[in-house]
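The numbers in our numbering rise by one with no breaks, and the one at position 220 of the sequence shown is 695. No residue lacks a Cβ here, since even glycine has one placed at the ideal position from N, Cα and C. Have a look at the structure below before the remarks.
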Amino acid sequence: MNDADALLIGNLPSDGWQAKRARLTDYFDRTAFDAWAAMTSDAPVSKIRATVRAGRTEMRDTLLSWLPADLTGRRILDAGCGTGMLAIEAALRGATVVGVDVSPQLVATGMERLPAAVRDRITLVAGDMLDPALGEFDHIVSMDVLIHYEADEIAAATAKLASRARHSLIFTFAPGTPLLRTARAVGRLFPRSDRSPTIIPVSHGHLKAYLTRAVPHTRLGRDTRVNRGFYISHAQEVLTAKDSQQ
């Protein structure tokens, strides 16, 4: 079992959003591009990665189920779009989608994979999902991006995203389970060059306390956890100002 397969966790320094972004760009564009390109396709993968793929599919389906069934006329931001799998599903339901990701290579692969039926409704770009130049959206979905950040950093990012979401923001984080905490500790034993990016386990209760302060004019909606083999992630819905008063 290698480091990538086991998703063993390293330890990126807590040196700010932009510094972590740069490290993630390097990881997904160089070290792990081939693995993630395969993971987000129908290509054969190892048994371990198959559990991760299944978990990601379940999580993606869950996040999409929290959006209206008919997305015609809705503008969606897929924040951390990778190769655009969630963006494609949203567009098939009528949405106009902007997908943004730190990895130019994954974005380029996603553009090549776009079905003709939705190509005119999806824009994929490489960049920072917190960039206000991306504009405002009806819904913002960020799957497995904030898993690399501490609770206070997640709350700060959530505040920026929520300010641009007219109806809802949906994101995932790494829950503070014993398995993830142990994996993070074990990952610190690996040479830095062999480590994958840090996944930082966060207490849901702790995070909710941060969110209450960071986004006071919103309401926390649904949440759920997906646990499939080597994939563990927790989804949280934030209803933004317009909907939180209903």
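Terminal residues of the continuous beta strand (DSSP E) containing Gly-680? No beta strand (DSSP E) contains Gly-680, which is instead part of the alpha helix (DSSP H) from 679-689.
Excluding the 5 residues preceding and the 5 following Pro-666 in the sequence, name in chain order all residues of the same chain whose CB lies nearer than 7 Å to its CB. The predicted model places Pro-666 with a pLDDT of 41, which falls under 50 and marks its position as unreliable; any figure quoted below should be read in that light. Here the set comprises nothing.
Give me the DSSP bridge partner(s) of Ile-563. According to DSSP, Ile-563 bridges with nothing at all.
Assigned exposure category for Gln-711 - 16 Cβ within 10 Å defines buried: buried
Once the 5 residues before and after Leu-546 are set aside, which same chain residues still bring their CB inside 7 Å of it? Ala-565, Arg-568, Gly-569 and Ala-570
Where Asp-595 and Leu-589 are concerned, what is the direct C-alpha to C-alpha distance, given to the nearest angstrom? 10 Å
Inspect the CB distances between the stretch 677-688 and the stretch 505-517 and report whether three or more fall short of 8 Å. no
Please classify Leu-483: is it buried, with 16 or more other beta-carbons within 10 angstroms of its beta-carbon, or exposed? At Leu-483, the pLDDT of 27 sits below 50, so the modelled position is not reliable; the number obtained from the coordinates is stated separately. Leu-483 is buried by the Cβ-count criterion.
In whole angstroms, what is the alpha-carbon distance linking Pro-691 and Asp-627? 15 Å
Neighbourhood of Arg-496 by C-beta distance below 6 Å, restricted to the same chain and skipping five residues each side: Val-577
Are the beta-carbon atoms belonging to Gly-530 and Asp-553 less than 9 Å from one another? no
Whole angstroms are fine: how far does the CA of Gln-493 sit from the CA of Val-677? 20 Å
Could you tell me whether the stretch 644-654 touches the stretch 614-632, where touching means 3 or more Cβ pairs closer than 8 Å? yes
Does the Cβ-Cβ distance between Leu-654 and Ile-707 come in under 9 Å? yes
Which runs of the alpha helix (DSSP H) fall wholly inside the stretch 552-599 and span at least 4 residues, in chain order? 560-567 and 579-588
Near Thr-699, which residues of its chain fall below 7 Å by C-beta distance, leaving aside the five closest residues on each side in sequence? Thr-537 and Ala-710
In angstroms, rounded to a whole number, what distance separates the CA positions of Ile-523 and Leu-609? 36 Å
With 16 as the cutoff for other CB atoms within 10 Å, does Asp-449 come out buried or exposed? Only positions 476 to 721 of the chain appear in this structure, which leaves residue 449 out of reach.
Can you say whether Arg-528 is buried or exposed, counting buried as having 16 or more other CB atoms within 10 angstroms of its CB? buried
Here's the rule I'm using: 16 or more other beta-carbon atoms within 10 Å means buried, otherwise exposed. How should Ser-540 be labelled? exposed
Using a Cβ-Cβ cut-off of 6 Å (strictly less than) and excluding sequence neighbours within five positions of Ala-630, which residues of its own chain qualify? Tyr-685, Leu-686 and Ala-689
Using a Cβ-Cβ cut-off of 6 Å (strictly less than) and excluding sequence neighbours within five positions of Leu-636, which residues of its own chain qualify? Ile-615 and Leu-644
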